[in-house]
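Participant: Positions in the sequence shown are counted from 1; adding 31 to them yields the numbering used here. Virtual Cβ for every residue (Gly too), placed ideally from N, Cα, C. Since the model is a prediction, treat every value here as computed from it, not as a measurement. Please find one structure pasted underneath; my questions will follow.
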Amino acid sequence: MSMIANRLSKNLKQLKPWADRLGFEAFRLYDWDIPEYPFFVDLYKDEFLVYDKGFESSPRDRQHLDEILAALPLIAPELGLPAEARVHLKRRMTQTRTDKYGKTGDAQEFKEVREGAARFWVNLTDYLDTGLFLDHRPLRETIRKEAKDRRVLNLFCYTGAISVAAALGGATVTSVDLSATYLDWAKRNFTLNDIDPARHEFLRADILKYLEEDGAREFDLIVMDPPIFSNSKKMTDVLDTQRDHAWMIESCLLRLKPGGKMYFSANKQGFKLEPGLHEIAEIRDITARTIPKDFHRQKPHVCFELRPLVSI
32 MSMIANRLSK
42 NLKQLKPWAD
52 RLGFEAFRLY
62 DWDIPEYPFF
72 VDLYKDEFLV
82 YDKGFESSPR
92 DRQHLDEILA
102 ALPLIAPELG
112 LPAEARVHLK
122 RRMTQTRTDK
132 YGKTGDAQEF
142 KEVREGAARF
152 WVNLTDYLDT
162 GLFLDHRPLR
172 ETIRKEAKDR
182 RVLNLFCYTG
192 AISVAAALGG
202 ATVTSVDLSA
212 TYLDWAKRNF
222 TLNDIDPARH
232 EFLRADILKY
242 LEEDGAREFD
252 LIVMDPPIFS
262 NSKKMTDVLD
272 TQRDHAWMIE
282 SCLLRLKPGG
292 KMYFSANKQG
302 FKLEPGLHEI
312 AEIRDITART
322 IPKDFHRQKP
332 HVCFELRPLV
342 SI
């Protein structure tokens, strides 16, 4: 076996029992563990997804990509999969999520994966991202545990995975996104989990405009995981999360009921929270406890818990 095949096999022996015990059918198998092999390898039930972070012009990177693709059939039997298990390859030159989430095709192939008590539809063919951010697994579980009898607002909800977690925990959820495609996907995720979408709200809106409007203090919990940058033609302004996060967070805090809180996450490398936010909120950096075991090498996001100060 090659060095990379040995690493994949070693990771599998550590991660597969953990994933099986917790009921995770989708997890990261290789997290750019070896600097010379700039790839991520995710398993979605019985299919592999490889993100190539290398340079096409680099002969070494091309060779190492060939090695990792050759290694997957060797370890597939350790997963109980045939050697010819399907492999999806995508190039990802940045680690930031954009508003388009990288649409790459239109095959409309959806696959169901289980995450503990939840189930989600993923698409491994049509987008750079699959519809399920695996690194937010711990945050989803935290929200599920805290959600009972709460009113939850999920901004930039994408395909509604966090909304599903909240609803499974007993919350009434408002999910907001600009994309009709993703809101429909979110509703399908609700239905997949035997949750009636009609009992929850799905709002298609320009979230920058939504946050600029006065809002009632009606939510117990707000979750915001914005794309780092968005210039959708449907938006009134360009979103830059590093630049805009402070006023967006302040607007969210004003929508919380007394005793409420929000979670804010960003996946921009080097993201810095605006220091002035400490004047209006009690802030805890909870990043460490929101990064799962299978994302042990790369820091995929930062995450903060914020509670408005009485004076806000």
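Can you check whether the CB of K330 is closer than 8 Å to the CB of W49?
Facilitator: No, Cβ-Cβ distance for W49 and K330 is not below 8 Å.
Participant: In the structure shown, what three-state DSSP assignment does M34 receive?
Facilitator: Three-state result, M34: helix.
Participant: Hey, would you say the C-beta of T272 is under 7 Å away from at least one heavy atom of the ligand SAM?
Facilitator: The ligand SAM is not part of this structure, which contains no ligands at all.
Participant: Rounded C-beta distance between L53 and G147? I'm assuming under 8 Å.
Facilitator: Rounded, the Cβ-Cβ distance is 6 Å, consistent with contact.
Participant: Measure the Cβ-Cβ separation of V118 and K76 and say whether it is below 8 Å.
Facilitator: Cβ atoms of V118 and K76: not closer than 8 Å.
Participant: Which residues in the same chain have their Cβ closer than 7 Å to the Cβ of F302, if we skip the five residues on either side of it in sequence?
Facilitator: Here the set comprises Q273, V333.
Participant: Considering only their Cβ atoms, is the gap separating K121 from L74 smaller than 8 Å?
Facilitator: No; because the gap between Cβ atoms is not below 8 Å, this pair is not in contact.
Participant: What is the residue span of the alpha helix (DSSP H) that C188 lies within?
Facilitator: No alpha helix (DSSP H) holds C188; DSSP gives it neither H nor E.
Participant: State the DSSP-derived secondary structure class of A211, mapped to helix, strand or coil.
Facilitator: Note: A211 maps to helix in three-state DSSP.
Participant: Is E336 helix, strand or coil by DSSP?
Facilitator: If DSSP states are grouped into helix, strand and coil, E336 belongs with the strands.
Participant: Helix, strand or coil: how does DSSP classify F221 here?
Facilitator: If DSSP states are grouped into helix, strand and coil, F221 belongs with the helices.
Participant: Have a look at F71 and S194 and give me their C-alpha separation to the nearest angstrom.
Facilitator: Going from the Cα of F71 to the Cα of S194 covers about 26 Å.
Participant: Could you give the distance in angstroms between the alpha-carbon of D256 and the alpha-carbon of L186?
Facilitator: Taking the straight line joining both Cα atoms gives about 7 Å.
Participant: Per DSSP, which residues does K142 bridge with? Please list them.
Facilitator: In the DSSP output, where bridge partners are listed per residue, K142 has V153.
Participant: In its own chain, which residues sit with a C-beta less than 7 Å from the C-beta of R338, not counting the 5 before and 5 after it?
Facilitator: Once the five neighbours on either side are set aside, the close Cβ partners of R338 are K292, A312, E313.
Participant: Which of the three DSSP states is assigned to F70 in this structure?
Facilitator: Three-state DSSP puts F70 in a strand.
Participant: Counting C-beta neighbours from all protein chains within 10 Å, is the total for R320 16 or more, i.e. buried, or is it exposed?
Facilitator: Label assigned to R320: exposed.
Participant: Out of A192, K179, K142, which one is the CA nearest neighbour of D166?
Facilitator: Residue A192 is the option with its Cα nearest to D166.
Participant: Assign A211 to one of two classes, buried (16 or more other C-beta atoms within 10 Å of its C-beta) or exposed (fewer than that).
Facilitator: A211 is exposed by the Cβ-count criterion.
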